[in-house]
Amino acid sequence: MTTLLDPTPSLVEPGERPDRRAAALRATGRWAAAIGGALVIFSALLLLRGANPLEALGDMWVSTFLRGRSLAEILNVMAPITLAALAVLVPARAGLTNVGGEGQLMLGAIAAGGTALALDQQLPGPLVLVLALVAGGVAGAAWAGVAAILRLRFQVDEAVSTLLLNFIALDLLLFLIYQPWRESAAGQPTTRELADAAKMPVITGTVINVGIIVALAATVVVILVLGRTRWGFRLSVVGGNAEAARRAGMNVAGLVISALIVGGLLAGLAGAIQFTGIEYKLRAGFGLQIGYLGFLASWLARHRPLPVLLASFVLAALAIAGDSLQLDAQLPAASVNILTALILAAVLGWTTVKARRA
Amino acid sequence: MSIEAPVAPTTLPMLQVDGFSKRFGEVQANSDVRFDVHAGEVHALVGENGAGKSTLLKMVYGVYEPDEGRMLIDGEPVALGSPAAARSRGVGMVFQDLRLVPAFTVTENIALAANPGPVLRLKDLAAEIAEASARHGLAVHPNARVRHLSIGERQRVEILKVLMTGARLIILDEPTSVLAPQEVDALFAVVRQLTEAGFGIVIVTHKLGEVRAIADRVTVLRAGRTVLHGVDPDDYDDEQLIEAMVGRAVPALPAERGPVPPSDVPALELTGVSSRGDRGHEALTDISLRVQPGELVGIAGVAGSGQRELCEVALGLRPTTSGEVRIGGASVDSARDAIGAGAASVPEDPVADSVVRRLTVLEHMGLDGRRIPARGLGVDWAAVRARMTDADARLGLRIAPAKRRLSELSGGNIQRVILTRELALDSSLVVAAYPSRGLDVANARRTQEVLLERRAAGSGVLMVSEDLDELMALADRIVVMHDGHVSGEVLAADFDRQAIGRLMVGGTS
Ligand SMILES: Nc1ncnc2c1ncn2[C@@H]1O[C@H](COP(=O)(O)OP(=O)(O)OP(=O)(O)O)[C@@H](O)[C@H]1O
Ligand SMILES: [Mg+2]
Chain A
1 MTTLLDPTPS
11 LVEPGERPDR
21 RAAALRATGR
31 WAAAIGGALV
41 IFSALLLLRG
51 ANPLEALGDM
61 WVSTFLRGRS
71 LAEILNVMAP
81 ITLAALAVLV
91 PARAGLTNVG
101 GEGQLMLGAI
111 AAGGTALALD
121 QQLPGPLVLV
131 LALVAGGVAG
141 AAWAGVAAIL
151 RLRFQVDEAV
161 STLLLNFIAL
171 DLLLFLIYQP
181 WRESAAGQPT
191 TRELADAAKM
201 PVITGTVINV
211 GIIVALAATV
221 VVILVLGRTR
231 WGFRLSVVGG
241 NAEAARRAGM
251 NVAGLVISAL
261 IVGGLLAGLA
271 GAIQFTGIEY
281 KLRAGFGLQI
291 GYLGFLASWL
301 ARHRPLPVLL
311 ASFVLAALAI
321 AGDSLQLDAQ
331 LPAASVNILT
341 ALILAAVLGW
351 TTVKARRA
Chain B
1 MSIEAPVAPT
11 TLPMLQVDGF
21 SKRFGEVQAN
31 SDVRFDVHAG
41 EVHALVGENG
51 AGKSTLLKMV
61 YGVYEPDEGR
71 MLIDGEPVAL
81 GSPAAARSRG
91 VGMVFQDLRL
101 VPAFTVTENI
111 ALAANPGPVL
121 RLKDLAAEIA
131 EASARHGLAV
141 HPNARVRHLS
151 IGERQRVEIL
161 KVLMTGARLI
171 ILDEPTSVLA
181 PQEVDALFAV
191 VRQLTEAGFG
201 IVIVTHKLGE
211 VRAIADRVTV
221 LRAGRTVLHG
231 VDPDDYDDEQ
241 LIEAMVGRAV
251 PALPAERGPV
261 PPSDVPALEL
271 TGVSSRGDRG
281 HEALTDISLR
291 VQPGELVGIA
301 GVAGSGQREL
311 CEVALGLRPT
321 TSGEVRIGGA
331 SVDSARDAIG
341 AGAASVPEDP
351 VADSVVRRLT
361 VLEHMGLDGR
371 RIPARGLGVD
381 WAAVRARMTD
391 ADARLGLRIA
401 PAKRRLSELS
411 GGNIQRVILT
421 RELALDSSLV
431 VAAYPSRGLD
441 VANARRTQEV
451 LLERRAAGSG
461 VLMVSEDLDE
471 LMALADRIVV
481 MHDGHVSGEV
491 LAADFDRQAI
501 GRLMVGGTS
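Note that the protein sequences, when read in sequence, are chains A and B.
Okay, so the first sequence: first residue is 1 according to full-length UniProt numbering, each after it adds one.
Okay, so the second sequence: first residue is 1 according to full-length UniProt numbering, each after it adds one.
Right under this line is the structure:
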């Protein structure tokens, strides 16, 4: 929405150098600098904690990429992150900033969980799974719809409303697991676990679940819809210059709503996959941060679908690496969040500087 | 025409460009261009749209790097890799499309460019600005928000900004194309004062009258090549200069045109329309206006008299506070109503209002407001392309290739894309604000012909222009606006500059 966060990859601004090769080089340099800078600061923090940064980072590398099961784990974690990233990317095409992936994802998980846990004893597993995914998508879309209505009726900026709705979604989840959906009064407040038959199946011969296939399919659909349909074309006009869209007689309000709702649908689907494929029960820390990781992935990819896959993979790998950091270097797993945050800051910082100069 | 030797320079030029070449993909924007500027002179750079003027100047200012050639400042070879480097060598540029941050004040905008170090002392800077603006005769208020400034005022801010970054060579890319005649006079007064103080000025313009009024020397580019290099404009007559620019003579407008056919339903009818401007003030007061099918009505007025709001109200883009707007008898409340009733429009600032920089020429052709041709869920681009080819053939404004992004087009070529799209429509009403803005002589003339063709085809045409000559040449009737009111109306038979001028300042004819 704002010039500071111009979500579209501006190709050639006047007053800027148009050389494509130089631009590609600068883009690569930018990534290297952002990630390198983040690694250096992170190493400094590790040193402060008395850990050997080279060893810790080396361990992270080995246990993340060179251990048998970890690639599968990365792909499993990557699936919801990718969908959450697409949930940012689609609205960004229309010039909108969806910070609500986290909440939309949670609503998706609540709806998927509610549906699946209500039906998994009566209906066949695969049917329950499909119904859960649909419910998740619908609920996420509805949650984003709230932000769309706030924007159109009351001119509330969607960056603010989607963020606030995240907190409400979290409260709703906590209420449900502490009260009506709680499995037993003793122990952790959680729902019961989903029946095995209704869980997301794995790809035969691996431990990779089908979630990643859903995510990849969604990416392909997003590429086609944005690049090939009239709706996608209209979104890019609205995102590029809303006044031009208005003067061309487009229904700008309708396009804004639909872009946000499609974003919410994708985030809701992410929540449903997280529930049926990874966590199987709703609990207090459910799906934590996936929405924000998706936000980060979309920004790192400058809101382009294919790079989103790469960015989601990297972030998923970092999340897995966080676990190994805990095991090997005896640092809290959350330490890796610092690294993630550093990368986010570096990349966003760069974007802001660029927008100012243009 | 051959390249002329420049008048033997007595002093070292401030700027000397030797054989600059620049290629963008398939377009050779500059080939072996020569150019120089001396202290204390105004050097005009002219040529048709897309000739490479902006490209040359952006290379001088370090925005683009030349593929070949070199450049000397004060006789010393320099390679300016960036605008910052250019500024540090005393080169400043005001771009064709002004780039101030609308939400910031004048001082804040200047602070962005002047790079005053780590600590912002806005108060001191404001004082410096006030001082500089008094010294150079550039009246601006340091604390005014840019959003509230007219284009002329914004341009003064840009010039001040350039002066305050220490420029001695000032490049003005088409500064006058958005200015009203009085504002042009004011700008030229500033320019004269600057040259007397020893600044070197480069000015791009499409108007020969301006070249004659302000330039000591003129350089003509055509298709990226130097056709005339640094000659004295007085040694050439208008025909010769036009020939040098566009390679041929430009025909006069057809003098004869048919009468306005009688009609019961006006193409556009405003009855007692009032409306608010962006600042919430009343921008239009009780306007009643009719444009018949087959009639071309000109709107004259001092800049900011409500012309913009009038166009927007007529197109359903701005709500009215009272009164009624009808196009072809149908009541208009929204952009869709106006489009549905057959309106076409050329906005006053196409880059801000109609252009999506990263979309292509072809994609812009799909934005004419008519139904986007469908193929399944997608766009039938072949149909859009056919429409475009047909429109281009009929209008003859020779638009850029379909796949070029608008961000890659020259200012005039952007205007031609929008003109071609809108004026090729089978419209019942054309609302055209400053249609020939930024166009070279040949394209400006062709655009005027096309407007007359729309009129002959039975469209009502409402045309806003700052150029009285243009209005008097084209219009059946000129409606004069003053401060949001219609202050009078003059018929073609009685066109009279003085009378129109009096109406523009609110007097009576
Ligand atoms: N960044 C760019 N990328 C690709 N092509 C460009 C770019 N900038 C300019 N061009 C092309 O180079 C040619 C020269 O453009 P330039 O802007 O220098 O023309 P100009 O003489 O300033 O025209 P105008 O009078 O319309 O402003 C045009 O064909 C234009 O499309
Ligand atoms: Mg230009």
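Where is the CB? At the ideal position from N, CA and C, for every residue including glycine.
Proximal chain A residues relative to residue i, where beta-carbon distance stays under 7 Å
i: Arg34/B; result: Correct list: empty, because the minimum Cβ distance to chain A is about 23 Å.
i: Ile339/B; result: Gly249
i: Arg336/B; result: Gly249
Contact list for residue i against chain B, beta-carbon separation under 7 Å
i: Ala244/A; result: Asp353, Ser354, Val355, Val356 and Leu367
Residue i (DSSP reduced to helix, strand or coil)
i: residue 360/A; result: Past the edges of chain A, shown from 1 to 358, lies residue 360/A, and the structure says nothing about it.
i: Thr11/B; result: coil
i: Asp496/B; result: coil
i: Ala5/B; result: Confidence in Ala5/B is poor, its pLDDT being 47 and thus under 50, which makes the residue's placement unreliable; the coordinate value appears in the next sentence. Three-state DSSP puts Ala5/B in coil, outside helix and strand.
i: Arg99/B; result: coil
i: Ile278/A; result: helix
i: Asp237/B; result: coil
i: His43/B; result: strand
i: Lys403/B; result: coil
i: His141/B; result: coil
i: Asn251/A; result: coil
i: Lys58/B; result: helix
i: Pro259/B; result: coil
i: Asn241/A; result: coil
i: Lys207/B; result: coil
i: Gly298/B; result: strand
i: Pro350/B; result: helix
i: Asp32/B; result: strand
i: Pro66/B; result: coil
Cut-off 6 Å between Cβ atoms - residues of its own chain near residue i, not counting five sequence neighbours on either side
i: Leu491/B; result: Arg477
i: Ala39/B; result: Met14, Gly198 and Gly200
i: Asp216/B; result: Glu41 and Val42
i: Ala79/A; result: Gly211, Ile212, Ala215 and Ile273
i: Ala114/B; result: Met164 and Thr165
7 Å CB neighbourhood of residue i in its chain, flanking five on each side removed
i: Ser82/B; result: Gly62
i: Leu339/A; result: Ala38, Phe42 and Leu318
i: Ser334/B; result: Gly316
i: Ser354/B; result: Pro347 and Ile418
Anticipated Cβ contact below 8 Å, residue i with residue j, distance rounded
i: Val106/B; j: Val146/B; result: 6 Å
i: Pro293/B; j: Ser459/B; result: 7 Å
i: Pro175/B; j: Ile214/B; result: Going by Cβ atoms, the distance from Pro175/B to Ile214/B rounds to 10 Å, so no, they are not a contact pair.
i: Arg446/B; j: Leu503/B; result: Rounded, the Cβ-Cβ distance is 30 Å, inconsistent with contact.
i: Ala32/B; j: Arg225/B; result: The sequence given here has Asp at residue 32/B, not Ala. Correct: roughly 7 Å between the Cβ atoms.
i: Gly268/A; j: Leu165/A; result: About 13 Å; that fails the 8 Å criterion.
i: Ala169/A; j: Gly113/A; result: 13 Å between Cβ atoms; not a contact.
i: Ala144/A; j: Thr97/A; result: That belief does not hold up - the Cβ atoms of Ala144/A and Thr97/A are roughly 12 Å apart, past 8 Å.
Chain-ordered neighbours of residue i on chain A, where CB pairs are closer than 8 Å
i: Pro347/B; result: Arg247
i: Leu359/B; result: Ser236, Val237 and Gly240
i: Leu317/B; result: Arg246 and Arg247
Cross-chain neighbours of residue i in chain B, by beta carbon under 9 Å
i: Thr229/A; result: Gly376, Leu377, Gly378 and Val379
Identified DSSP bridge partners for residue i
i: Ile171/B; result: Met93/B and Val202/B
i: Val291/B; result: Leu268/B
i: Val190/B; result: None, per the DSSP bridge assignment.
i: Ser322/B; result: Ser274/B
i: Gly488/B; result: Val480/B
i: Leu221/B; result: Gly47/B and Thr226/B
i: Leu462/B; result: Val297/B and Val431/B
i: Asn209/A; result: Val202/A
Contact set for residue i: own chain, Cβ-Cβ below 8 Å, skip 5 residues either direction
i: Phe104/B; result: Leu112, Arg145 and Val146
i: Leu152/A; result: Ala253, Val256 and Ile257
i: residue 359/A; result: Since the first residue shown for chain A is 1 and the last is 358, residue 359/A is missing from the structure and cannot be characterised.
Partner residues on chain B for residue i, Cβ-Cβ distance less than 8 Å
i: Phe233/A; result: Glu363, Gly366, Ile372 and Val379
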